[in-house]
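Structure first, then comments.
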Amino acid sequence: MATVYKSLSKPSADKVATDADGANKGIKRNKQRVLILSSRGVTYRHRHLLNDLSAMLPHGRKDVKFDSKSKLYQLNELAELYNCNNVMFFEARKGKDLYMWFSKVPNGPTIKFHAQNSEPQTQQHTRIFDPLYVRVLTRIMVVHTMEELHFTGNCLKGSRPVLSFDLAFEQEPHLKVIKELFLQIFGVPQGARKSKPFIDHVMGFSVADGKIWIRNYEIREVEKAKGEDEEESSNKGRKSKGGDKETDVSLVEIGPRFVLTPIVIQEGAFGGPIIYENKRFISPNQVRSDLRKAKAGRHNHRAEQKRETLGKRSQLGLVAGTKKERDGLDTRELFA
Amino acid sequence: MPADKKNGKPSKKSKNDAKYEFAGASDDDESDDEDYDIDLARIDDTDSDSEISQEEDEDDEDEEEEEEDIDLDDISIDEEDEENVAASARIRETINNKEALLTSLKRFALDTSSNVPFSYHQSHVSKKVTEETIPAVDDDIVRELAFMNQSLEAARAARVLLRKEGVPFTRPNDYFAETLRSDEIMEKVKGKLIEEATAKKASAEARKQRDLKKFGKQVQVAKLQERAKQKRETLEKITQLKKKRKDGASTGLGATEAEDLFDVAVENELKGGNSKKRSASFGGGDGGDRGGRGGPNKRQKKDSKFGFGGSKRHAKSGDAKSSGDLSGFNAKKMKSGGSGGPGGARAPKTRLGKSRRKAQAGKR
Chain A
1 MATVYKSLSK PSADKVATDA DGANKGIKRN KQRVLILSSR GVTYRHRHLL NDLSAMLPHG
61 RKDVKFDSKS KLYQLNELAE LYNCNNVMFF EARKGKDLYM WFSKVPNGPT IKFHAQNSEP
121 QTQQHTRIFD PLYVRVLTRI MVVHTMEELH FTGNCLKGSR PVLSFDLAFE QEPHLKVIKE
181 LFLQIFGVPQ GARKSKPFID HVMGFSVADG KIWIRNYEIR EVEKAKGEDE EESSNKGRKS
241 KGGDKETDVS LVEIGPRFVL TPIVIQEGAF GGPIIYENKR FISPNQVRSD LRKAKAGRHN
301 HRAEQKRETL GKRSQLGLVA GTKKERDGLD TRELFA
Chain B
1 MPADKKNGKP SKKSKNDAKY EFAGASDDDE SDDEDYDIDL ARIDDTDSDS EISQEEDEDD
61 EDEEEEEEDI DLDDISIDEE DEENVAASAR IRETINNKEA LLTSLKRFAL DTSSNVPFSY
121 HQSHVSKKVT EETIPAVDDD IVRELAFMNQ SLEAARAARV LLRKEGVPFT RPNDYFAETL
181 RSDEIMEKVK GKLIEEATAK KASAEARKQR DLKKFGKQVQ VAKLQERAKQ KRETLEKITQ
241 LKKKRKDGAS TGLGATEAED LFDVAVENEL KGGNSKKRSA SFGGGDGGDR GGRGGPNKRQ
301 KKDSKFGFGG SKRHAKSGDA KSSGDLSGFN AKKMKSGGSG GPGGARAPKT RLGKSRRKAQ
361 AGKR
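So the protein lines, in turn, are chains A and B.
Going by UniProt numbering, the letters in the first sequence line up with residues 1 to 336, in that order.
Going by UniProt numbering, the letters in the second sequence line up with residues 1 to 364, in that order.
Put into structure tokens, the structure is as follows:
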């Protein structure tokens with residue numbers, strides 16, 4: 001009986017809600033559900049990042065580890081099973097590299113990112129054979145999770161974030177797509193089931209160095225001038241008059257903190273033609289192998305140098321057992 | 001549009017083709033897939049949440065499919081050539097199919113224009129490109145500051161907009177709910193902050209102490225140097241004096257010898273040097289001053305009192321000389337029985353007994 005009542009009363013309640021909103025009569029409700037899952041072989045850091053993100057997304061549905069790395073199209077069915085229209089998939093490779101897949105499930109695009117933290121820069125890495133690349137910085141591939149202690153912020157679990165996008169997201173088509181996807185996956189839809197009514201954190205998405213840097217901050221209201229408290233309390237009464245200017249906001253970082261390098265955008269959901277490929281991305285495998293080669297090259301170079309000097313010295317007759325041939329300009333020849 | 005594409009960007013197209021080939025097995029399969037795609041698109045359009053206008057999207061879809069059709073046709077014609085070209089170039093062609101990206105975007109984009117309330121999407125695009133505000137990406141502090149500024153701008157704008165729309169923004173103080181980071185972690189964070197603060201304080205204290213110590217040491221060093229200087233000066237003076245005395249050693253030989261023995265002149269000289277300001281007289285004072293310690297002539301007095309050198313035993317016992325010395329003897333005094341002496345007329349003083357003395361003491 002209760003279910004019948006619910007089903008009968010729900011549409012009307014929904015209508016009331018939309019009416020209350022007034023302006024958005026023409027707009028459809030923003031319904032998003034995100035399937036959050038990882039592949040096998042994630043490290044604890046990757047797992048913590050996943051947990052952090054799933055804690056931030058009340059419209060997310062965390063699932064068990066996905067067993068396959070090649071048959072990703074199976075994720076579509078899985079998402080359908082859970083009524084999710086977004087998928088956030090953590091693919092770990094070699095127990096150290098993390099790739100994140102963001103996808104709109106039925107037919108939207110799929111974006112593959114390489115996730116890393118770009119905190120400490122370890123070494124500079126040059127690629128000679130590709131003139132477009134001048135210099136690529138390789139960094140330690142870890143992410144900062146919320147558990148790390150140098151973040152002091154905190155916010156409600158499931159409150160809707162304000163999403164702050166860099167202007168750069170509006171300038172390139174592929175960044176536009178990325179922005180839209182982030183908006184739908186990280187933005188908690190209005191009236192999501194477990195969302196909290198207040199807004200107390202911002203998620204920042206910035207583009208720098210060809211990467212997307214994601215940060216999460218708490219909004220803390222601070223006094224700007226005297227008499228802030230009364231202003232605050234009286235403001236509740238007259239909210240319609242617009243925000244007061246007495247309090248200011250400051251930001252405190254909450255975490256997690258990670259950097260995504262877009263690699264590929266596919267047109268379909270885990271399939272379809274590739275419509276964007278990042279040429280600036282070098283796979284971490286390549287980076288590692290180049291580093292190894294550079295290290296090995298050092299020895300070769302040294303050995304070669306040694307040989308060369310030896311040859312030179314023997315030419316000059318400086319090495320024992322070899323004799324320099326007398327030529328016409330020799331002193332003994334000239335002053336004989 | 002497809003024609004354009006064909007002429008303008010053959011390489012790009014070829015890549016697409018290749019991908020397509022990769023995705024499906026053969027042309028027949030492709031066509032099947034396409035049908036499926038169209039169906040899917042229709043279905044999605046009917047119930048997708050994020051669509052704005054269905055007609056447009058279908059048009060886009062159709063266009064795209066047309067493109068793809070033509071691409072597929074092309075494959076059979078110039079596949080080999082293209083592949084050869086690609087192989088010879090050996091440069092990885094980058095794919096950035098802007099049209100496809102935009103159509104794809106249009107297919108799933110939410111309406112974030114100004115005619116939707118802000119609370120619908122809560123997204124804000126910054127006014128500046130953040131990367132331009134970062135002079136060096138590798139500088140952590142500058143970079144993070146730029147990111148924070150971008151988010152701060154969004155937070156401010158969002159607050160104004162949301163308040164305008166009547167959406168609760170600030171969390172009241174009495175609203176308790178589960179937070180993103182658990183209490184234990186926040187406790188740890190707090191603990192770490194406190195620890196850092198105390199460590200900072202302690203280190204500051206330690207530094208202060210160290211500085212003080214260093215200063216104290218400086219004072220000590222200065223004192224030692226002063227002392228060394230004084231010593232050097234006195235030694236110089238002594239040598240000078242000795243020279244002088246050697247030159248002019250003539251008169252009062254005995255006295256000078258004695259003085260030499262005890263370095264009296266040297267002490268005199270030293271004292272004169274010390275008290276130069278008031279008198280600067282030569283040999284004026286009596287006895288030297290030994291660095292301020294002890295009195296004048298202390299050693300000499302002690303020596304005369306307690307003796308210096310030789311044995312001190314039997315020093316006071318009588319010997320032949322003392323017993324032969326009769327200078328203190330007076331026969332007259334002996335005869336008169338004390339009357340002829342200085343107090344001769346007076347009755348001899350006799351000590352009374354104890355009880356009497358006591359009685360007298362009581363009377364007095």
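Just so it is clear, CB atoms sit at the ideal spot from N, CA and C, and this is done for glycine as well.
Residue-level contact to chain B via CB, residue i, 9 Å cutoff
i	result
A:Val222	no
A:Glu180	yes
A:Cys84	no
A:Arg61	no
A:Asp290	no
A:Leu183	yes
A:His174	yes
A:Phe151	yes
A:Gln190	yes
A:Met100	no
A:Met88	no
A:Lys112	no
DSSP three-state assignment for residue i, whether helix, strand or coil
i	result
A:Asp248	strand
A:Lys157	coil
A:Tyr44	helix
A:Met146	coil
B:Leu326	coil
A:Phe281	coil
B:Arg351	coil
B:Asp111	coil
A:Gly297	helix
A:Thr322	coil
A:Ser164	strand
A:Asn117	strand
A:Asp97	strand
B:Gly362	helix
A:Lys224	coil
B:Arg313	coil
A:Leu262	Strictly speaking, residue 262 of chain A in this sequence is Pro, with Leu absent from that position. Three-state result, A:Pro262: strand.
A:Phe335	coil
B:Ile134	coil
A:Val87	strand
Reference residue i, options the options, closest by Cα
i	options	result
B:Asn115	B:Lys312, B:Ser126 and B:Leu161	B:Leu161
A:His174	A:Tyr276, A:Arg288, A:Arg40 and A:Asp63	A:Tyr276
B:Glu131	B:Pro117, B:Ser119 and B:Met148	B:Met148
B:Thr112	A:Phe165, A:Leu291 and A:Pro106	A:Phe165
A:His144	A:Glu218, A:Glu253, A:Leu334 and A:Glu308	A:Glu253
A:Glu180	B:Tyr175, B:Gln225 and B:His121	B:His121
B:Arg156	B:Glu165, B:Ala222, B:His124 and B:Tyr175	B:His124
A:Ser38	A:Lys28, A:Lys31, A:Leu78 and A:Ser195	A:Leu78
B:Ala100	A:Gln266, A:Arg160, A:Ala336 and A:Glu333	A:Gln266
A:Lys211	A:Leu75, A:Ile282, A:Met56 and A:Tyr82	A:Ile282
A:Ser195	A:Val207, A:Gly60, A:Asn51 and A:Leu49	A:Gly60
Contact list for residue i against chain E, beta-carbon separation under 8 Å
i	result
B:Thr179	Among the chains of the structure shown, chain E does not appear; the protein chains present are A and B.
Interface flag, residue i vs chain A, CB-CB below 9 Å
i	result
B:Asp111	yes
B:Ile185	yes
B:Ile134	yes
B:Val116	yes
B:Glu55	Per-residue confidence for B:Glu55 stands at a pLDDT of 41, beneath the threshold of 50, marking its modelled position as unreliable; the derived number appears in the next sentence. Judged by the 9 Å Cβ criterion, B:Glu55 is not in contact with chain A.
Local Cβ density within 10 Å of residue i, reported as buried at 16 or more and exposed below that
i	result
A:Val319	exposed
B:Thr198	exposed
B:Ala359	exposed
A:Tyr99	buried
A:Ala269	buried
A:Glu218	buried
B:Pro172	exposed
B:Asp183	exposed
For the segment 195-219 of chain B, which residues have a beta carbon sitting closer than 8 Å to at least one beta carbon of chain A?
none
Check distances from the C-beta atoms of the segment 93-104 of chain B to those of chain A and list, in chain order, the residues that come in under 7 Å.
Thr94, Ile95, Asn96, Asn97, Lys98, Ala100, Leu101, Leu102 and Ser104
What residues in the segment 193-220 of chain A bring their beta carbon closer than 7 Å to a beta carbon of chain B?
Lys196, Pro197, Phe198, Ile199, Asp200, Val202, Gly204, Ser206, Val207, Ala208, Asp209, Trp213, Arg215, Tyr217 and Ile219
If the cut-off is 8 Å on Cβ atoms, which residues from the UniProt region "Disordered" (292-336) of chain A count as contacting chain B, listed in chain order?
none
Quick one, which residues of the segment 149-165 of chain B are near chain A if we go by CB-CB under 8 Å, in chain order?
Gln150, Ser151, Leu152, Glu153, Ala154, Ala155, Arg156, Ala158, Arg159, Val160, Leu162, Arg163 and Lys164
Where the segment 29-49 of chain A meets chain B: residues whose CB sits under 8 Å from a CB there
Arg29, Asn30, Lys31 and Gln32
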